[in-house]
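One structure is given here, and the rest of the page talks about it.
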Amino acid sequence: MVTIRDVARLAGVSPATVSQALNGRGRVDVRTRERVAQAATKLRYVPNVSGRRLARRRAECVAVLQGRNMTTVFNDSFYRVVLSGMAEVTQSRGYSLVVTPPPSDAATDADIDRVLGHGAIDGALVAGALDARLLLALRHRGLPIVLVDNYLPGVDLPAVVPDYQVGARLATEHLLRLGHRRIAFLGASVNYPFGWQTLEGYGEALAAAGIGQDPTLVRRTEIGVDTATAATRSLLDLPDPPTALFAVTDAMGIGALRAAREHGVRVPDGLAVVGMDDIEMSAYTDPPLSTVRVAKDAMGRLAAEWLIRLIEGEAGDRPAPSLPTELIVRSTCGGPAGRWALTASGAAQPTIFTREGA
Numbered sequence: 000m001v002t003i004r005d006v007a008r009l010a011g012v013s014p015a016t017v018s019q020a021l022n023g024r025g026r027v028d029v030r031t032r033e034r035v036a037q038a039a040t041k042l043r044y045v046p047n048v049s050g051r052r053l054a055r056r057r058a059e060c061v062a063v064l065q066g067r068n069m070t071t072v073f074n075d076s077f078y079r080v081v082l083s084g085m086a087e088v089t090q091s092r093g094y095s096l097v098v099t100p101p102p103s104d105a106a107t108d109a110d111i112d113r114v115l116g117h118g119a120i121d122g123a124l125v126a127g128a129l130d131a132r133l134l135l136a137l138r139h140r141g142l143p144i145v146l147v148d149n150y151l152p153g154v155d156l157p158a159v160v161p162d163y164q165v166g167a168r169l170a171t172e173h174l175l176r177l178g179h180r181r182i183a184f185l186g187a188s189v190n191y192p193f194g195w196q197t198l199e200g201y202g203e204a205l206a207a208a209g210i211g212q213d214p215t216l217v218r219r220t221e222i223g224v225d226t227a228t229a230a231t232r233s234l235l236d237l238p239d240p241p242t243a244l245f246a247v248t249d250a251m252g253i254g255a256l257r258a259a260r261e262h263g264v265r266v267p268d269g270l271a272v273v274g275m276d277d278i279e280m281s282a283y284t285d286p287p288l289s290t291v292r293v294a295k296d297a298m299g300r301l302a303a304e305w306l307i308r309l310i311e312g313e314a315g316d317r318p319a320p321s322l323p324t325e326l327i328v329r330s331t332c333g334g335p336a337g338r339w340a341l342t343a344s345g346a347a348q349p350t351i352f353t354r355e356g357a
């Protein structure tokens, strides 16, 4: 059997350097890493994973716990990108990544044991909304946890979250700049921060423009195309319907486009629509959906990096509490296509103007 010493001898380095180079750890320069990789390939070296795990007293496995707002990360276009970012980091650091189904909210010992897997995982990335009692019970058992796309107010758990409040404000301010005054809000009926942050951002933009919130223009429903279609129908049936609509997810924005088409309302002339997430499909709707871009891949990478640092006891500051968002203007709201962000002064200004769909 080829050993790490054989690889070290062929590469002309120490066994410790081989270990660091193959595991992506330590300060090993690029040329040395390449030389080690070539030697390992030539000798067909296979690392002794079991021995390494035993020596480090770690399973070298990270779990992704799915929140209640997810059916599965594999059929959700938003979380697929988040998961890709997680996998990129965990793989580069020598960790496996497993996805587990949502546990029950009861936080029983059986639930906790199932998540912990009798030591089969070193930490957990919690994607979406998970019951606080279960999270606290897992933390009490000593499991490192990083929250992704959600956080628990008042609970000391690291979290990586997009700035949904600023994103909602960006979208609403853009519609206001285009001259709209009756702007509907198509939100999510959830009681975790995403639900109220988006509504607050929408309200802030209206208030800054001297416009009071009209409760008849606010709809909160489950996230989905069908539910959003039904909610938009009810808005378009009002005696004085909205001229614009902000939907807190692209799936809901697509539902709004479908409802407008069914009502014979032209977009953006009769109804301007802005979504949020910038999932891949949003660029291919008819017309292409304007949306607030969320840094999905970066969110997954940052969360995984922080979790591995917790697992390995590395020092460092916590990740930034929220990731920036930007408005991507395509064809569903009118105005020139481009990208917008909030400046330091709090005013929304264009950053880079591009052709539609960029």
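Read in order, the letters of the sequence shown correspond to residues 0 to 357 in numbering that gives the first Met the number 0. In this text, a Cβ means the ideal position worked out from N, Cα and C, and glycines have one as well. Since we're looking at a predicted model, the values are computed, not measured.
Segment limits, beta strand (DSSP E) that includes residue i
i      : result
Arg218 : Val217 to Thr220
Thr99  : Ser95 to Thr99
Ser289 : Ser289 to Val293
Ile278 : Premise fails: Ile278 is in no beta strand (DSSP E) and is neither H nor E.
Leu129 : Note, Leu129: premise wrong, no beta strand (DSSP E); not H, not E.
Thr2   : Premise fails: Thr2 is in no beta strand (DSSP E) and is neither H nor E.
Val328 : Thr324 to Val328
Ala86  : Here Ala86 belongs to no beta strand (DSSP E); instead the alpha helix (DSSP H) covers Ser76 to Ser91.
Ala62  : Cys60 to Gln65
Cβ neighbour criterion (16 or more within 10 Å) applied to residue i
i      : result
His173 : buried
Tyr150 : buried
Ala15  : exposed
Tyr191 : buried
Glu313 : exposed
Leu185 : buried
Arg329 : buried
Leu129 : buried
Met275 : buried
Leu375 : The chain is shown only over 0 to 357; residue 375 falls outside these bounds and no answer can be derived.
Gln65  : buried
Asp121 : buried
Thr89  : buried
Gly84  : buried
Thr242 : buried
Arg354 : Unreliable positioning characterises Arg354 in this predicted model, as indicated by a pLDDT of 32, which lies under 50. The coordinate reading is nonetheless provided below. Looking at its Cβ environment, which holds fewer than 16 other Cβ atoms inside 10 Å, Arg354 is exposed.
Pro240 : buried
Thr324 : buried
Val6   : buried
Pro152 : exposed
Thr40  : exposed
Pro214 : exposed
Asp249 : buried
His139 : exposed
Val80  : buried
Asp268 : exposed
Gly200 : buried
Arg92  : buried
Gly178 : exposed
Residue i - containing alpha helix (DSSP H), residue span
i      : result
Gly194 : Pro192 to Ala207
Thr40  : Val29 to Leu42
Gln212 : Unbroken run through Gln212: none, as it is neither H nor E.
Residue i versus residue j - alpha carbon distance
i      : j      : result
Thr61  : Pro157 : A small fix is needed here, since residue 61 is Val in this sequence, not Thr. About 16 Å.
Gln212 : Ala183 : 9 Å
Pro143 : Lys295 : 22 Å
Arg308 : Arg257 : 45 Å
Thr197 : Ala206 : 14 Å
Thr71  : Ser188 : With a pLDDT of 46 at Thr71, under the threshold of 50, the modelled position of this residue cannot be trusted; read the value that follows with caution. The straight-line gap from Cα to Cα measures roughly 19 Å.
Val17  : Ala86  : 23 Å
Ala167 : Ala340 : 11 Å
Glu221 : Phe245 : 15 Å
Ala259 : Gln37  : 59 Å
His262 : Tyr283 : 21 Å
Gly194 : Met251 : 14 Å
Val224 : Ile278 : 14 Å
Ala136 : Thr228 : 39 Å
Val266 : Thr99  : 40 Å
Gln164 : Leu322 : 11 Å
Pro335 : Pro287 : 13 Å
Val48  : Thr2   : Note on Val48: pLDDT 47, under 50, position unreliable in the model; the coordinate value appears next. Going from the Cα of Val48 to the Cα of Thr2 covers about 12 Å.
Gly337 : Ala255 : 22 Å
Asp148 : Ile327 : 20 Å
Val63  : Ala10  : 37 Å
Inter-residue CB distance, residue i and residue j (contact presumed, cutoff 8 Å)
i      : j      : result
Leu124 : Ala303 : 6 Å
Ala119 : Tyr78  : Wrong, their Cβ atoms sit about 22 Å apart, outside the cutoff.
Val154 : Ala131 : 7 Å
Ala202 : Ala271 : Position check: residue 202 holds Gly in this sequence, whereas Ala was assumed. With a Cβ gap of about 19 Å, Gly202 and Ala271 do not count as contacting.
Val29  : Val12  : Not really, about 14 Å apart at Cβ, beyond 8 Å.
Arg176 : Leu216 : Actually they do not touch by this definition, with Cβ atoms about 18 Å apart.
Val273 : Thr331 : 7 Å
Ser233 : Arg218 : 7 Å
Leu306 : Val145 : 4 Å
CB contact below 8 Å: residue i versus chain B
i     : result
Ala62 : Annotation note: the requested chain B is absent from the structure, which comprises a single protein chain.
Fully enclosed by the segment 148-187, which alpha helix (DSSP H) runs are 4 residues long or longer?
Correct list: 163-176.
Please give the ranges of any alpha helix (DSSP H) in the segment 222-269, keeping only runs that are unbroken, at least 4 residues long and fully inside the region.
Here the runs fully enclosed are 224-235 and 249-261.
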